[in-house]
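Per the UniProt record's numbering, the very first residue in the sequence shown carries number 1; after that it's consecutive.
Beta carbons: idealized from backbone N, C-alpha and C, even for Gly.
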Amino acid sequence: MNQPDNSTPGQIAGAVDSPTPDKGGTSRRQFIQAGALAATSFLIVPRHVLGGKGFIAPSDKLNIAGVGFGGKGFSDTNNSYNNGANNIVALCDVDWGLARVKENFTKHPNAKRYKDFREMLDKEGKSIDAVTVSTADHTHAVVAMAAMQRGKHVYVQKPLTHNIYEARMLTEAARKYKVVTQMGNQGSSNPQQKQMVDWFDKGLLGTVHTVNLWTNRPVWPQGIPVPQPAGETPVDLDWDLWLGPAQKVGYTPAYHPFKWRGWWNFGAGALGDIGCHIMDTPFRVLGLGYPTEVETSIGQVFLKDWTPEYIPEGCPPSSHVELKFPATAKNKSVVKMIWEDGGIRPFRPDMLPEGEPMPENGENGVLIHGDKGLLICGMYGEDPKLYTKDGQKIVGDPKPKPADGSKPLPENGHQVLWTEACKAGFNSKEHKALTSSFDFSGPLTESVLMGNLAIRSYTLRQAKADGKGFTYPGRKKLMWDGKNMKITNLDEANQFVKREYREGWSLTA
């Protein structure tokens, strides 16, 4: 915990005197259903007979609250709503002036409206079953923790958290409070992911030794001087609430509503934005855990001749990160994972035949190199192809369509599958079938954010004794103790494992 907790109950996430969630995972809905069944056991009539085809009884609907829906949260809340299969009972956003916020208020006129998620949970907690969290990265953890402490299931956008410590805390809290969780890396529910797992398990790739990952992100300004406050804050925006646990700075449109991603106070750069999508496939296929070491280099910006800009507050314009993962039960070799962003990408591998395109025309992609073959796919695990050393090309099957002829669910049904698991309860088969519960997405996020730890360590500098220039102690290979969340060969780097929260905010499970 970074700051003393001087709050009253319910004031901040982590200081909530919340009701204890049911230890057996029994939901309010299941309790109601059980009572109804006992009272009417002499006559059981299917609900569809009572209500007609397509009827969904109110007790079969999940009551959902959405926190942050001016951007990606708009689809998170509405995909969870699933055309009325569930209820949106409360909506919370710090900026009511955003177009998508206004649209969602109109779409769900009966939902209670809030700016402060703490007030929403205190007032509406008894009517809420589950919460979607789609705020800026720096507030994911405090919102999700407050909801879980009240026994609410949570869906949290990627990256799961802003830093490694928060990811570990949420992963452990999900088990402690027995709630159903899902991170918003929707490609993990792409059925083509399973095809790639099957190819590897059948030995078609052989033993994997190297993975290449890359993206054209950032597609927002990065590597630029720190923005200056803009003066007046928009009337519909509560800037102090938007800052949450982050260090206080003045409002500027250079941060909100989108460009916050390029600043460490709020975002996690290109890696945080897209790494949980792109790293998902090799993490899943190879059964990876915590990395053991990381090394990086980053792009520089020159606004003056011979003098690189020094902007430790901001993410770099490009980066090259190498992570090493130990051998696993699934893969008997150490794996070197190479990440590149800012438009830098790997060269064509020898096993990719002439004329065969790189994934997504080279903008984003995955290359998994084995001693028997090469596996490639796009950002979300789409369009997988396997090229073997003996000249075979295996193409993944198209995404299957629903057997009943209905339209495929948006985003591979990632949010809908979560809502169905929430209804079934903690540790149900539906819960265990989720592809990105925190048991998986927590360690995945930690591995992604390990790259950011190395990037931030790379900018650490110390003045030379003679006052002529600087030394850079973080520009070396960093050794990681994943169990204890600690860099073992550079103590200064451990400041980036977690962050100091602003006064009035804390995170405790």
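Cβ-Cβ distances below 6 Å link G269 to C315 in the same chain, with the five nearest sequence neighbours on each side left out; the list follows chain order. Secondary structure of C377 (DSSP, three-state): strand. Counting only runs of 3+ residues, the beta strand (DSSP E) found wholly inside the segment 452-487 occupies 478-481, in chain order.
Cβ-Cβ separation between T296 and H320: approximately 6 Å, consistent with a contact (criterion under 8 Å). F470 and Q462 have their C-alpha atoms spaced approximately 5 Å apart. Taking C-alpha positions only, V294 is separated from I368 by approximately 19 Å.
With distances taken between CA atoms, G287 lies nearest to F200 out of F200, Q222 and N216. In the displayed model, E340 falls within a strand according to three-state DSSP. It is roughly 15 Å from the alpha-carbon of G474 to the alpha-carbon of K464. Shown here, G244 sits in coil according to DSSP, grouped into three states, outside any helix or strand. Close CB contacts of K115 within its chain, under the 8 Å cut and outside five residues either way in sequence, are with C92, D93, V94, W96, D238 and L241 (chain order). Here DSSP, grouped into helix, strand and coil, assigns I298 to strand. Here the C-alpha atom of M196 lies approximately 41 Å from the C-alpha atom of L121.
Within the segment 61-135, the runs of beta strand (DSSP E) at least 3 residues long that lie entirely inside it are, in chain order, 63-67, 87-92, 112-114 and 130-133. For the pair of segments examined, the segment 155-166 was found not to touch the segment 348-356: the number of CB pairs separated by less than 8 Å stays below three. For T419, the enclosing alpha helix (DSSP H) begins and ends at H414 to A424.
Taken through DSSP and simplified to helix, strand or coil, P443 comes out as helix. Here D371 really is in contact with H209; their C-beta atoms are around 7 Å apart, less than 8 Å. Two segments are said to touch when three or more pairs of C-beta atoms, one from each, lie closer than 8 Å; by this definition the segment 181-196 does not touch the segment 210-220. The beta carbon of P357 sits closer than 8 Å to none of the beta carbons in its chain outside the five residues before and after it. Residues Q3, L243, G244, P245, A246, Q247 and K248 of the same chain have their beta carbon placed closer than 8 Å to that of R502, with the five preceding and five following residues left out of the count. Here the C-alpha atom of N185 lies approximately 21 Å from the C-alpha atom of G342. Looking at the backbone, the Cα of P253 and that of K259 are separated by about 8 Å. The shortest CA-to-CA distance from G504 to any of K330, G362 and V142 is the one to V142.
V179 is a Cβ neighbour of F426, given a cutoff of 8 Å. Taking the CA atoms as reference points, Q182 sits about 25 Å from V211.
Take N86, set aside five residues on each side of it, and the residues of its chain with a beta-carbon closer than 7 Å to its own are K61, L62, I64, S80 and T419, in chain order. At a Cβ-Cβ threshold of 8 Å, A174 and G267 do not count as neighbours. Less than 8 Å separates the beta-carbon of G66 from that of D76. For M148, the secondary structure class from DSSP, reduced to helix, strand or coil, is helix. Under the three-state reduction of DSSP, E313 is assigned to coil, being neither helix nor strand.
DSSP places W214 outside any alpha helix (DSSP H); the residue lies instead in the beta strand (DSSP E), whose first and last residues are V208 to W214.
Residue Q495 holds the alpha-carbon nearest to the alpha-carbon of M450 among K423, Q495 and P234.
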